[in-house]
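In my numbering, the protein residues as written are 9 to 442. All C-beta atoms in this analysis are idealised placements derived from N, C-alpha and C, irrespective of residue type, glycine included. All values derive from a computational prediction rather than experimental measurement.
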Amino acid sequence: MTPRHAALTAEPDVAPVTAPPPATTIPVRPDRPATGERRRTLTTVRNTDVFAVLGAAVAAVGTTSLLFAQLAPFDGALGFVVVAYLLFLAFHLALVSLDEAGPVVWDRLAGVLVHSLAVAMLVALVVVVGFTLYRGRDALGHLNFYLEDMRVAGPLDPLTVGGIRHAVIGTLEQIAIALAITIPLGLLCAVFLSELPGAFSRFVRIIVEAMTALPSIVAGLFIYATLILALGRMKSGLAAALALSVMMLPIIIRAADVVLRLVPGTLREASLALGASQWRTIWHVVLPTARSGAMTAIILGTARGIGETSPVLLTAGFTQFTNANPLQANQVSLPLFTFDSIRRPDETMIARGFGAAAVLLALVLLLFVLARLLGGRAPGQLSRGQRRRRALASRRDALRFAARDRARPAGGRRTDPRTATPGGDPDPSDATTR
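In structure tokens:
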């Protein structure tokens, strides 16, 4: 073969052809590392929203300051706040409308309104609690303020003499008696309204809803006219507790009724399908499911009754001494002591009144925390003591079953004692009967 023929017949040098990547392969961007993932932002708050709120706030404060100082004869802190807030809403609406469409603009405005109202309520709560603690700081720093009553303290005596022991005891006894009356009656009435609908339950619901707006002075006058004037009983802590019960009962009934109606009907149907009666279904299914809501209803009723003054003044009277017997003699409460002390012209009595109000706030907070600890568990969640009792019951059942197996004869067959003959064999006539 000649060199020319060999050159013609030789295969040309062809570069190897590589297969294209699969269509589902996503190429790695050069600015992103091949390993790891970038954290995604799940919040709905954007930087533009924050800048819009801050810009609107600064513009509103500046414009309001210019109006009050130079352009208009306006004056007063309240007017400044109201005008600044209205201008803030207007400026925020204008700034958001520059970047967003119509529905989004109104959504941003509604969000600002809701959050501003929440902040206003929080600020009001902080101001009320802070002002009470600040005005009562002088009295709260003395130990005798908690351990003594006012039997030896006069209006001009210093804060090192006298205290609120008698008012604390009166409040605790009165609210305890009122809760002992209203909790069973309120829950029972709520169960009746929720589980036994009918014409009479509708009538009772109307009366309960009407009683929720009952003035406190009317409740006090009712107990004063019936228990003290008609029956001839003296003013006492029991009479004050009955007056508080009249006020607390409709609150607890209505709130508990709403909670019980929120229990899914499928739970009731499942319990009834398993053979439980209606009352066992209510006791073991409905009430445990609504436990948290029932505790909320009790908290609302307690908050309504623990701070009342006029019913206690009409039915329990007033005293400077400690009376631990709620069945006789006058008895004072913390709200009544606060009302009587604040209207005095003496600075020491005013400090005692604000100190009593601060103690009342702490007492209400303590009661709410206890209520949440007792009833804040989710439906079906057992406490530590309940789990321990369940474990002990299971252990006793296991021991009982083991003892029964040991008592059974080896290789013997357990027979039903109702169908066994005196000899131990089953009655053959029983099979025919069956």
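Spatial neighbours of residue i within its chain, please: C-beta separation below 8 Å, excluding the five flanking residues on both sides.
| i | result |
| --- | --- |
| Val160 | Val169 and Gly170 |
| Glu203 | Leu268, Gln286, Ile290 and Val294 |
| Gly431 | Bear in mind that a pLDDT of 45 at Gly431, under 50, signals an unreliable position, so the number given afterwards is only what the model happens to contain. So the list is empty, once near-sequence residues are dropped. |
| Val22 | With a pLDDT of only 49 at Val22, under the threshold of 50, the placement of this residue in the model should not be trusted, and no figure is reported. |
| Pro163 | Arg352, Asp354, Thr356 and Met357 |
| Leu335 | Ser244, Gly245 and Leu246 |
For residue i, report the span of its alpha helix (DSSP H) as first-last.
| i | result |
| --- | --- |
| Phe326 | Element bounds for Phe326: n/a, residue is neither H nor E. |
| Ala402 | The residue asked about is misnamed: residue 402 is Ser in this sequence, not Ala. Ser402 -> alpha helix (DSSP H) spans Arg392 to Ala415. |
| Arg173 | Arg173 to Glu203 |
| Asn443 | The displayed coordinates of the chain run from 9 to 442. Any statement about residue 443 would go beyond what the structure contains. |
| Gln336 | Neither: Gln336 is in no alpha helix (DSSP H) and is coded neither H nor E. |
| Ile350 | Leu342 to Ile350 |
| Gly313 | Arg299 to Ile314 |
| Thr289 | Gln286 to Thr289 |
| Asp146 | Arg145 to Leu148 |
With a CB to CB cut of under 6 Å and the five nearest residues on each side skipped, what residues in its chain are close to residue i?
| i | result |
| --- | --- |
| Thr317 | Pro343, Leu344 and Phe347 |
| Ser349 | Met357, Arg360 and Gly361 |
| Ala337 | Asn331 |
| Thr441 | The predicted position of Thr441 is uncertain, since its pLDDT is 43 and thus under 50; a value taken from the coordinates is nonetheless stated next. Taken in chain order, the list of residues that qualify is empty. |
| Ala411 | none |
Output needed for residue i: all residues of its chain with C-beta closer than 7 Å, excluding positions within five of it in sequence on either side, in chain order.
| i | result |
| --- | --- |
| Ala67 | Phe99 |
| Glu217 | Arg262 |
| Leu133 | none |
Measuring alpha carbon to alpha carbon, tell me which of the options ends up nearest residue i.
| i | options | result |
| --- | --- | --- |
| Ile191 | Asp354, Thr330, Asn55 and Ile261 | Ile261 |
| Leu375 | Ser73, Ala102, Ile183 and Leu103 | Ile183 |
| Leu3 | Leu121, Leu79, Ala80 and Asp115 | Outside the shown range of the chain (9 to 442) lies residue 3, about which nothing can therefore be said. |
| Tyr154 | His174, Val131, Ala284 and Pro353 | His174 |
| Val189 | Arg143, Ser253 and Asp157 | Sequence check: residue 189 is Ile here, not Val. Here the closest residue by C-alpha is Ser253. |
| Leu371 | Cys197, Thr179 and Leu201 | Thr179 |
| Thr304 | Asn152, Asp57 and Gly194 | Gly194 |
| Leu368 | Thr140, Val127 and Phe211 | Thr140 |
| Ala248 | Val127, Leu106 and Gly228 | Gly228 |
| Tyr142 | Val176, Gly363 and Thr72 | Gly363 |
| Phe59 | Arg116, Leu167, Leu86 and Asp83 | Arg116 |
| Leu378 | Ser300, Gly87 and Gln328 | Ser300 |
| Val340 | Ile172, Ile231 and Trp114 | Ile172 |
| Ile225 | Gly87, Gly313 and Gly119 | Gly313 |
Uninterrupted alpha helix (DSSP H) stretches inside the region 64–138 (no shorter than 4 residues)
85–105
Do the region 60–78 and the region 101–108 meet, that is, are 3 or more Cβ pairs less than 8 Å apart?
yes
Answer yes if the region 324–335 comes into contact with the region 394–405, meaning at least three C-beta pairs across the two stretches below 8 Å, and no otherwise.
no
Entirely enclosed alpha helix (DSSP H) segments - the region 206–283, minimum 4 residues:
The region 206–283 is shown to contain whole alpha helix (DSSP H) runs of 4 or more residues at 207–219, 224–231, 245–269 and 273–281, in chain order.
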